[in-house]
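Using the numbering used here, the first residue of the sequence shown is number 455, and each one after it goes up by one.
Built from N, CA and C at the ideal position, the CB exists for glycine as well.
Report on the following structure.
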Amino acid sequence: MEYGNPVNWYRDRLFPRLLDWAMTGESFATYRRQVLAGVSGNVLEVGFGTGLNLAYYPETVTSLTVIDPNPGMGAIAQPRIAASPLPIESQSLRGEHLPMADNTFDWVVSTWTLCSIAEPEQALREIRRVLKPGGRFVFIEHGLSPERSLQTWQNRLTPVQKRIADGCHLNRPIDILVSAVMPLESLECFYADGFPKVAGYFYRGVAVKP
Ligand SMILES: C[S@@+](CC[C@H](N)C(=O)[O-])C[C@H]1O[C@@H](n2cnc3c(N)ncnc32)[C@H](O)[C@@H]1O
455 MEYGNPVNWY
465 RDRLFPRLLD
475 WAMTGESFAT
485 YRRQVLAGVS
495 GNVLEVGFGT
505 GLNLAYYPET
515 VTSLTVIDPN
525 PGMGAIAQPR
535 IAASPLPIES
545 QSLRGEHLPM
555 ADNTFDWVVS
565 TWTLCSIAEP
575 EQALREIRRV
585 LKPGGRFVFI
595 EHGLSPERSL
605 QTWQNRLTPV
615 QKRIADGCHL
625 NRPIDILVSA
635 VMPLESLECF
645 YADGFPKVAG
655 YFYRGVAVKP
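The following block contains the structure:
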């Protein structure tokens, strides 16, 4: 990590702390618990961040592999990984290029991560590849609102959001991105209570690898 550069310092040191603070709390906890309740077996989490999902994995999970490219996220996640009863393998990787073999995982998890991945289509193809046939991709993401007036603001604000939130896009059509790669088994779209609408249109769903 090169902290002589203030951009790197912000991305790798300050932003992970801000994100950890912002994404803690009862509202996020409720969504995390709901999304992870049905997950089991050999699981991959893409965009693990600071490890805020760890507390909500059920006992049906037998092993967990987690990836994230930001070492500052990993530094905050590490004590949480050490304290978890789960066998966890953590790797500093991007979702677009996974070294795991085809048909490895029963479930892949993504929570508020598809907004930040530079090439989400490529990452989704990788997720599909590493899932076993019949394996499931479960996600909760924020993304493009169906309201035209709000879309305008989401498009306007995304360049700023990308700079202050490490590549986060406000305007991704998550349902279209996921269903282009894997059929959706379930999908709910809604404005999350207590979130600003521009970042509060949530997509929660499950896709299945045929
Ligand atoms: C908004 S945070 C969400 C973190 C975590 N999933 C959570 O629910 O708390 C987005 C995460 O995506 C990660 N990320 C960014 N680009 C990525 C990529 N190409 N592949 C995988 N993860 C990425 C970031 O480092 C960050 O940890």
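{"query": "Using a threshold of 7 Å, is the CB atom of E698 nearer than that to any non-hydrogen atom of ligand 1?", "result": "As shown, the chain starts at 455 and ends at 664. That puts residue 698 outside it, with no answer to give."}
{"query": "Kindly provide the ranges of any beta strand (DSSP E) runs that are 3 or more residues long and lie completely inside the segment 577 to 664, ordered along the chain.", "result": "585 to 596, 638 to 645 and 655 to 662"}
{"query": "Who does F559 pair with in a DSSP beta bridge?", "result": "L585"}
{"query": "Just list the residues that DSSP pairs S564 with in beta bridges.", "result": "F593"}
{"query": "Buried or exposed: which applies to R486, given that a residue is buried once 16 or more other Cβ atoms fall within 10 Å of its Cβ?", "result": "buried"}
{"query": "Within this structure, are the beta carbons of E595 and S564 separated by less than 8 Å?", "result": "yes"}
{"query": "For L508, which three-state DSSP category applies?", "result": "helix"}
{"query": "Answer yes if the segment 600 to 607 comes into contact with the segment 567 to 585, meaning at least three C-beta pairs across the two stretches below 8 Å, and no otherwise.", "result": "no"}
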